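Novice:
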Amino acid sequence: MPWKVLPFQDRKRSEALCKYFKVHGSPNIIVLSSSGEVITSDGSLEFAIKYDLVLCLWPQGKSLFYSCQPRPDEFQWNRVHCDQCYMRPLVGIRYGCINRQCPFNFCKKCTDTIKHEHPLVEYLIPKRQYSMNEFFAFVPYLLSSNKQEQIKTEILWKGDAKAIGFYFLTYRYSFNCNLTQKLIQYYKATQSTINSFPIVIITYDIDQQLPVEYWSDIPWLIIPSDYYRLFYAYFTPQECPALIVMSIDGKVLTHIGHHDILRQGSEAIRCWSRGEKVTVFTPNDYVWQHVSCNICNMIPLIGKRYHCSTCEDYDLCFACQSKGHEHLLELM
Numbered sequence: 001m002p003w004k005v006l007p008f009q010d011r012k013r014s015e016a017l018c019k020y021f022k023v024h025g026s027p028n029i030i031v032l033s034s035s036g037e038v039i040t041s042d043g044s045l046e047f048a049i050k051y052d053l054v055l056c057l058w059p060q061g062k063s064l065f066y067s068c069q070p071r072p073d074e075f076q077w078n079r080v081h082c083d084q085c086y087m088r089p090l091v092g093i094r095y096g097c098i099n100r101q102c103p104f105n106f107c108k109k110c111t112d113t114i115k116h117e118h119p120l121v122e123y124l125i126p127k128r129q130y131s132m133n134e135f136f137a138f139v140p141y142l143l144s145s146n147k148q149e150q151i152k153t154e155i156l157w158k159g160d161a162k163a164i165g166f167y168f169l170t171y172r173y174s175f176n177c178n179l180t181q182k183l184i185q186y187y188k189a190t191q192s193t194i195n196s197f198p199i200v201i202i203t204y205d206i207d208q209q210l211p212v213e214y215w216s217d218i219p220w221l222i223i224p225s226d227y228y229r230l231f232y233a234y235f236t237p238q239e240c241p242a243l244i245v246m247s248i249d250g251k252v253l254t255h256i257g258h259h260d261i262l263r264q265g266s267e268a269i270r271c272w273s274r275g276e277k278v279t280v281f282t283p284n285d286y287v288w289q290h291v292s293c294n295i296c297n298m299i300p301l302i303g304k305r306y307h308c309s310t311c312e313d314y315d316l317c318f319a320c321q322s323k324g325h326e327h328l329l330e331l332m
């Protein structure tokens, strides 16, 4: 290794540098100018994208990424960059490739000038309300649980349905986890007594290698995995598996339907089928499974949870958020 190294015994200096530069993982490259100014805090990512170019840019005091100040009507996509012009964060309309093996993103200006080998789709703006036709406009069809039949997306909001569930599964084990089995159990038990409440599965694990038994007991339709990233970017689920419920008029009823299922079972499904929110427990008593406070390390986090969408995987409890944070915090 051709670089100087801090002595292993000097742990306090290492910890102080990590805190000063807000380093939350490793390896990480922070590039400074000769005057100590930060050229880039995304050095690892820049190097991974264009190592030959950044090794020329950094000595000149330049970064691969550049930023733009968003206008009031523009959305800022934190931790996303344009793969053509390297604007980071990407500001304004975001386009992505629907091929799941091709995770490229482009800004509006670049899509007007480049030719990409796969179709590009405009991302939905998080928290913006859409009609169901707008929301599913880029999804050509749904898949049946046996993956043998293509079904029109309109089936989700036609008839007496007042809400739709979006069930995010990330890994194969999620199909057999306790939450999935309970959701199937409560769902089947209520179907004869409630309005239609369709649930769609969103996962990038849909492929021919998944055994049939993964799907044999699933009573829901599936969104083709090429569109996983678009739904994930809109809903930004903080856990997985996760159940997010949206009313037919495009309002999110809950981002934590998976907690409601574990706490209230079939009663939660009945509420959603009426287009209603589930009555929640006292916020001060709520237990956020698999979530911890990034300052005091309370795990699981209990009570009010404040999330920073700018920082990566950053949550604070009520006491710690009162001490302040450099970015806007959202009460979950």
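Number 72 in UniProt numbering belongs to position 72 of the sequence shown; there are no gaps in the numbering.
Note that CB positions come from ideal geometry on N, CA and C, so glycine has one too.
These numbers were taken from a predicted model, which means no experiment stands behind them.
#1: Would you please state the rounded distance, in angstroms, between the beta carbons of S63 and M87? I believe it to be under 8 Å.
#2: DSSP three-state call for S247: helix, strand or coil?
#3: To the nearest angstrom, how far is the alpha carbon of I49 from that of I223?
#4: Given C302, which residues of its chain have a CB within under 6 Å of its CB, disregarding the five upstream and five downstream residues?
#5: Leaving out the 5 sequence neighbours to the left and right, which residues in its chain are closer than 7 Å to A161 when beta-carbon positions are compared?
#6: What does the alpha-carbon distance come out to for the pair Q185 and R270?
#7: Measuring alpha carbon to alpha carbon, tell me which of D226, E276, Y20 and I39 ends up nearest I201.
#8: Compare the C-alpha of S273 against each of P89, W157 and F65 and name the closest.
#9: Tell me, please, which residues DSSP counts as bridged to C97.
#10: What's the C-alpha gap between E37 and L6?
#11: Mapping DSSP to helix, strand and coil, what is residue 354?
#12: Quick check: the Cα distance between Q150 and I125, rounded to an integer number of angstroms?
#13: Below 9 Å between beta carbons: does that hold for Q84 and C56?
#14: Thinking C-alpha only, which one of F136, D52 and F235 is nearest K127?
#15: Which class does Y20 belong to by DSSP, given the choice of helix, strand or coil?
#16: Mind checking Q208: buried by the 16 CB within 10 Å criterion, or exposed?
#17: For E46, count neighbouring C-beta atoms within 10 Å of its own C-beta (all shown protein chains included) and say buried if the count is 16 or more, exposed if not.
#18: Tell me which residue opens and which closes the beta strand (DSSP E) that A163 is part of.
#19: Quick one, which of T193, A233 and Q289 has its alpha-carbon nearest E239's?
#20: Counting only beta-carbon atoms, is K304 nearer than 9 Å to chain C?
#21: Going by beta-carbon coordinates alone, are I244 and G324 separated by less than 9 Å?
#22: Please report the distance separating the alpha-carbon of H24 from that of I155.
#23: Give the DSSP bridge partners of W157, in chain order.
#24: Using the DSSP secondary-structure output, state which residues sit across from M87 in a beta bridge.
#25: Taking all protein chains shown into account, do 16 or more other C-beta atoms lie within 10 angstroms of the C-beta of G43, making it buried, or fewer, making it exposed?
#26: Near I295, which residues of its chain fall below 7 Å by C-beta distance, leaving aside the five closest residues on each side in sequence?
#27: First and last residue of the beta strand (DSSP E) that includes I201?
#28: DSSP puts I151 in a beta bridge; with which residues?
#29: Report the rounded CA-to-CA distance for F106 versus G159, giving the unit in angstroms.
#30: Go ahead and label W58 buried or exposed: buried means 16 or more other beta carbons lie within 10 angstroms of its beta carbon, across all protein chains shown.
Specialist: From the atom records:
#1: To locate residue 63, count along the sequence shown from 1; it is residue 63. To locate residue 87, count along the sequence shown from 1; it is residue 87. The pair is not a contact, with the Cβ atoms about 12 Å apart (cut-off 8 Å).
#2: Translated into positions along the sequence shown, residue 247 becomes position 247. Strand.
#3: Position 49 of the sequence shown, counting from 1, holds the residue named residue 49. Position 223 of the sequence shown, counting from 1, holds the residue named residue 223. Whole-angstrom Cα-Cα distance: 30 Å.
#4: As a first step, residue 302 must be located in the sequence shown, where it is residue number 302. For the record, residue 302 in the displayed sequence is Ile; it is not Cys. Same-chain partners within the cutoff: V287.
#5: Indexing the sequence shown from 1 puts residue 161 at position 161. Answer for A161: N195, S196, F197, P198 and I248, listed in chain order.
#6: In the sequence shown, counting from the first residue as 1, residue 185 sits at position 185. In the sequence shown, counting from the first residue as 1, residue 270 sits at position 270. In a straight line, the C-alpha of Q185 is about 14 Å away from that of R270.
#7: Sequence index remark: in the sequence shown, residue 201 carries index 201 (1-based). Nearest of D226, E276, Y20 and I39 to I201, Cα basis: D226.
#8: Here residue 273 refers to the residue found at position 273 of the sequence shown. Minimum Cα distance to S273 is reached at W157.
#9: Taking the sequence shown and counting its residues from 1, one reaches residue 97 at position 97. DSSP output for C97 lists L120 as bridge partner(s).
#10: The residue given as residue 37 occupies position 37 in the sequence shown. The residue given as residue 6 occupies position 6 in the sequence shown. So the two alpha carbons sit approximately 20 Å from each other.
#11: Because the chain in this structure spans residues 1 to 332, residue 354 falls outside the shown range and cannot be described.
#12: As a first step, residue 150 is located in the sequence shown; it is residue number 150 there, counting from the start. As a first step, residue 125 is located in the sequence shown; it is residue number 125 there, counting from the start. Between the alpha carbons of Q150 and I125 lies a distance of about 27 Å.
#13: Counting from 1 along the sequence shown, the entry for residue 84 is found at position 84. Counting from 1 along the sequence shown, the entry for residue 56 is found at position 56. No, the Cβ-Cβ distance between Q84 and C56 is not below 9 Å.
#14: Numbered from 1 along the sequence shown, position 127 holds the residue referred to as residue 127. Checking every option, the nearest Cα to that of K127 belongs to F235.
#15: To locate residue 20, count along the sequence shown from 1; it is residue 20. Of the three classes helix, strand and coil, the one that applies to Y20 here is helix, per DSSP.
#16: As a first step, residue 208 is located in the sequence shown; it is residue number 208 there, counting from the start. At Q208 the pLDDT is 48, less than 50, meaning the model places this residue with poor confidence; the figure from the coordinates comes in the next sentence. That one is exposed.
#17: Against the sequence shown, residue 46 aligns to sequence position 46. Label assigned to E46: buried.
#18: Taking the first residue of the sequence shown as 1, we reach residue 163 at position 163. Where A163 is concerned, the enclosing beta strand (DSSP E) stretches over A163 to F168.
#19: Numbered from 1 along the sequence shown, position 239 holds the residue referred to as residue 239. Sorting T193, A233 and Q289 by C-alpha distance to the C-alpha of E239 places Q289 at the top.
#20: Considering every chain present, this structure includes no chain C. It has just one protein chain.
#21: The sequence position of residue 244 within the sequence shown is 244, counting from 1. The sequence position of residue 324 within the sequence shown is 324, counting from 1. No. Outside cutoff.
#22: Taking the sequence shown and counting its residues from 1, one reaches residue 24 at position 24. Taking the sequence shown and counting its residues from 1, one reaches residue 155 at position 155. Their Cα atoms are separated by approximately 44 Å.
#23: Translated into the one-based positions of the sequence shown, residue 157 becomes position 157. In the DSSP assignment, W157 is bridged to no other residue.
#24: Residue 87 sits at position 87 when you count from the first residue of the sequence shown. M87 is bridged to Y66.
#25: Within the sequence shown, numbered from 1, the residue matching residue 43 stands at position 43. Buried.
#26: In the sequence shown, the residue the question calls residue 295 occupies position 295. Taken in chain order, the residues that qualify are L316 and C320.
#27: Residue 201 sits at position 201 when you count from the first residue of the sequence shown. That run of the beta strand (DSSP E) goes I199 to I202.
#28: Stepping through the sequence shown from its first residue, residue 151 is reached at position 151. Its beta-bridge partners are L142.
#29: Locating residue 106 in the sequence shown gives position 106, where the first residue counts as 1. Locating residue 159 in the sequence shown gives position 159, where the first residue counts as 1. Using only the alpha carbons, I get a separation of about 37 Å.
#30: As a first step, residue 58 is located in the sequence shown; it is residue number 58 there, counting from the start. So W58 counts as buried.
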